[in-house]
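Each number in the numbering used here comes from the position in the sequence shown (counting from 1) with 183 added on. Data first, discussion second: the structure below is written as structure tokens.
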Amino acid sequence: MTSEELPGWHGTTIIGVKKNGKVVIAGDGQVSLGQTVIKGTARKVRRLSPGGFDVVAGFAGSTADAFALLERLETKLEATPGQLARACVELAKDWRTDKYLQKLEAMLIVTDGDQMFVITGAGDVLEPEHNVTAIGSGGNFALAAARGLMEADLDAEEIARKAMAIASDICVYTNGNLTVETISA
């Protein structure tokens, strides 16, 4: 069986919500191969502390690819302490131009509690509008739900949890087993 004949890995919904000085990144735990759930308790949201500078990152896509990108992000953060935007841009430039990195299939949401970015292999470093962003199979469902909840009297974590619950009810590649990390500016 060639790699083209293998069923695709699917799964993951990651959401980032910023409200009232706090940022929450939440991710589900499901990893699917074709129509089969391979694992329901994967941890796709991580706290990084390069040089004492706290960053929370969530990833969607290939796990090995995402870990390779997280390692590179940590290196960029160590080289530019306290400058998340610069580290993200440097990572995106490398990802876009390096022949090895171009093959990596993942997306990242990263935050330092002040700024929040989505980083893609297309060279994008996007700062979300409306203080909400989401990636992965159920990302659009979670994004729509969170946008609808932003005006409610809920904090960032409550919005993220409710949005992920809605996404897991709609998207077959998303479950309700969450990893949630909160960070303040």
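Using N, Cα and C, we set each Cβ at its ideal position, and we do this for glycine too.
Fully enclosed alpha helix (DSSP H) runs of no fewer than 4 residues occupy 267-280 of the stretch 254-323, in order along the chain. Around the Cβ of residue 203, a 10 Å sphere holds fewer than 16 other Cβ atoms; the residue is exposed. Between residue 211 and residue 326, the beta carbon gap of about 14 Å keeps them out of contact (Cβ cut-off 8 Å). The residues 207, 363, 365, in chain order, have a CB closer than 7 Å to that of residue 340 in the same chain once the five nearest residues on each side in sequence are set aside. DSSP places residue 351 outside any beta strand (DSSP E); the residue lies instead in the alpha helix (DSSP H), whose first and last residues are 339-353. DSSP places residue 357 outside both helix and strand once states are collapsed to three, so it counts as coil.
Residue 295 counts as buried, since at least 16 other C-beta atoms from the protein chains shown sit within 10 angstroms of its C-beta. DSSP, read as helix, strand or coil, puts residue 331 in helix. With 16 or more other Cβ atoms from the protein chains shown falling within 10 Å of its own Cβ, residue 215 counts as buried. Sixteen is the threshold: since fewer than 16 other Cβ atoms of the shown chains lie within 10 Å of the Cβ of residue 285, the residue is exposed.
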